[in-house]
Amino acid sequence: MQLKWLDDLLAIAEWKNFSRAAEVRCVTQSALSRRIRSLEEWVGVKLVDRGTYPVQLTAAGITFCDESREALAGLLRLRSALRDVERMPGRSIQITAGHSLSMTFLPKWLAQFQQHNEQFNARVVAANIHDAVIALEEGSCDLMMVYHHPLAPILLDAERFGSLTLGHDSFIPLCAPNRKGEPLFPLSGRSGKAVPYLAYTATTFLGRVADIVIKNGPTPTALERCYEADMAMLLMRMAVEGYGVAWLPQSAVADELARGLLVRAGDEQWSTRLEIRSYCTNANRNPTMRKLWKTLEGASLRSPA
Numbered sequence: 001m002q003l004k005w006l007d008d009l010l011a012i013a014e015w016k017n018f019s020r021a022a023e024v025r026c027v028t029q030s031a032l033s034r035r036i037r038s039l040e041e042w043v044g045v046k047l048v049d050r051g052t053y054p055v056q057l058t059a060a061g062i063t064f065c066d067e068s069r070e071a072l073a074g075l076l077r078l079r080s081a082l083r084d085v086e087r088m089p090g091r092s093i094q095i096t097a098g099h100s101l102s103m104t105f106l107p108k109w110l111a112q113f114q115q116h117n118e119q120f121n122a123r124v125v126a127a128n129i130h131d132a133v134i135a136l137e138e139g140s141c142d143l144m145m146v147y148h149h150p151l152a153p154i155l156l157d158a159e160r161f162g163s164l165t166l167g168h169d170s171f172i173p174l175c176a177p178n179r180k181g182e183p184l185f186p187l188s189g190r191s192g193k194a195v196p197y198l199a200y201t202a203t204t205f206l207g208r209v210a211d212i213v214i215k216n217g218p219t220p221t222a223l224e225r226c227y228e229a230d231m232a233m234l235l236m237r238m239a240v241e242g243y244g245v246a247w248l249p250q251s252a253v254a255d256e257l258a259r260g261l262l263v264r265a266g267d268e269q270w271s272t273r274l275e276i277r278s279y280c281t282n283a284n285r286n287p288t289m290r291k292l293w294k295t296l297e298g299a300s301l302r303s304p305a
């Protein structure tokens, strides 16, 4: 049994809708349904009545949900207490960041921030957005740093979590160049010929954004999905080797662009803008984190719109 299955059931109990609960849990509806069935198999009884609308928990589901909520809260309190003992010494914060941001934006941001503010120690964990949100909700990190796009929002309770914009990034289609320095796989200009597509796996945030960009592209383009990965850096390596087109954050491929290893496969109409956001639990009691957040809020107010 996995603890995330309990959170899945609690989400269904709250929203009474598989689709909405899946959005909140940052997974596909089919994945959420599979996980609920796995939980039911572990318990040995039906927990969700799928024959009603809105979706309701069975009597056993209600009992199990109530007991699970208390048990989960107790486990999280215990884990939080144990982790406090293991915290880094001195003034420190725990940061969970998206994979790409943890390797590109975060190191530079930390260096620039600490040049003009008090020093603090940082423990950084790289994660996908789903795991990062869970870490924030469960108190496993003080600060979450991820990409945001208005058409693929992260659904967090504004009363529990604050968010601030730290910067922006471009999300662009890239591929290896030919001998003339032109894209091997242009997104327009080869009518009828499928473009090999290096795609993100279905449940990733950047995969959702890429789907939106492709859907809203200026011209219909046949993309042939030839490779999938859950990390931008893996897709970048495949693009450099000439396997196809990948949509990538510009900050993650700055060196490859400068060296001519990658070129744009399409114009600005095939690109979009990503916001780099930080999130913090409003109830966070770490004094170092509270001071950092107050500083970030002040910088945000001084920044031009």
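Residue numbers are given in UniProt numbering: position 154 of the sequence shown equals residue 154, and the series is strictly consecutive.
Ideal Cβ placement from N, Cα and C applies to all residues, glycine included.
DSSP places G98 within a strand segment (E or B) once states are collapsed to three. Nearest to I172 by alpha-carbon distance, out of T288, K180 and G217, is G217. Cβ contact annotation for V124 (same chain, cutoff 7 Å, sequence separation greater than five): I95, A97, S102 and L106, in chain order.
S30 carries a helical assignment under DSSP once its states are collapsed to helix, strand and coil.
The region 26-41 makes no contact with the region 208-223; the number of CB pairs closer than 8 Å stays below 3. Taking C-beta separations shorter than 7 Å and ignoring five residues to either side along the sequence, the partners of V27 in its chain run H130 and T203, following chain order. The shortest C-alpha to C-alpha distance from E224 to any of A246, V24, D267 and L257 is the one to A246. In the three-state DSSP reduction, T221 falls in the coil class, being neither helix nor strand. Of the candidates D66, F64, N284 and K291, the residue whose Cα lies closest to the Cα of C141 is N284. Beta bridge pairing from DSSP links L174 with A246 and R264. The closest CA to that of P196, considering only D169, Y243, G51 and D7, is found on Y243.
Non-local C-beta neighbours of E23 in its own chain, meaning closer than 7 Å and more than five positions away in sequence, comprise L155, ordered along the chain.
In the DSSP annotation of this structure, S140 is not part of any alpha helix (DSSP H), being labelled neither H nor E.
With contacts defined as CB atoms closer than 7 Å, M144 and L136 qualify as a contacting pair.
Put simply, the backbone Cα of D49 is about 6 Å away from that of L57. Between the alpha carbons of E138 and P220 lies a gap of roughly 43 Å. Straight across, the Cα-Cα distance linking A254 with Y227 is about 22 Å.
The beta carbon of W5 sits closer than 8 Å to the beta carbons of R35, I36, S38, L39 and W42 from its chain, once the five residues preceding and following it are set aside; these are given in chain order.
Distance from the CA of G181 to the CA of C65, rounded to the nearest whole angstrom, comes to 59 Å. L32 is a Cβ neighbour of D8, given a cutoff of 7 Å.
Counting other Cβ atoms within 10 Å of its Cβ, A158 stays below 16 and is therefore classed as exposed. Using a 10 angstroms sphere on the CB of M1, the tally of other CB atoms stays under 16, which defines it as exposed. Note on geometry: alpha-carbon atoms of R264 and W109 lie some 26 Å from one another.
The beta carbon of Q269 is closer than 8 Å to those of G217 and P218 in its chain, skipping five residues each way along the sequence. The C-alpha of N128 is placed about 24 Å away from the C-alpha of C175. Annotation: E256 is outside any beta strand (DSSP E); the continuous alpha helix (DSSP H) that includes it extends over A254 to A258. Per DSSP, A210 is one residue of the alpha helix (DSSP H) stretching across F205 to K215. Taking V240 as the centre and dropping the five residues before and after it, the same chain places the C-beta of A176, E256, L261 and L262 closer than 7 Å to its C-beta, in chain order. In the DSSP annotation of this structure, the continuous segment of the alpha helix (DSSP H) that includes E23 starts and ends at F18 to R25.
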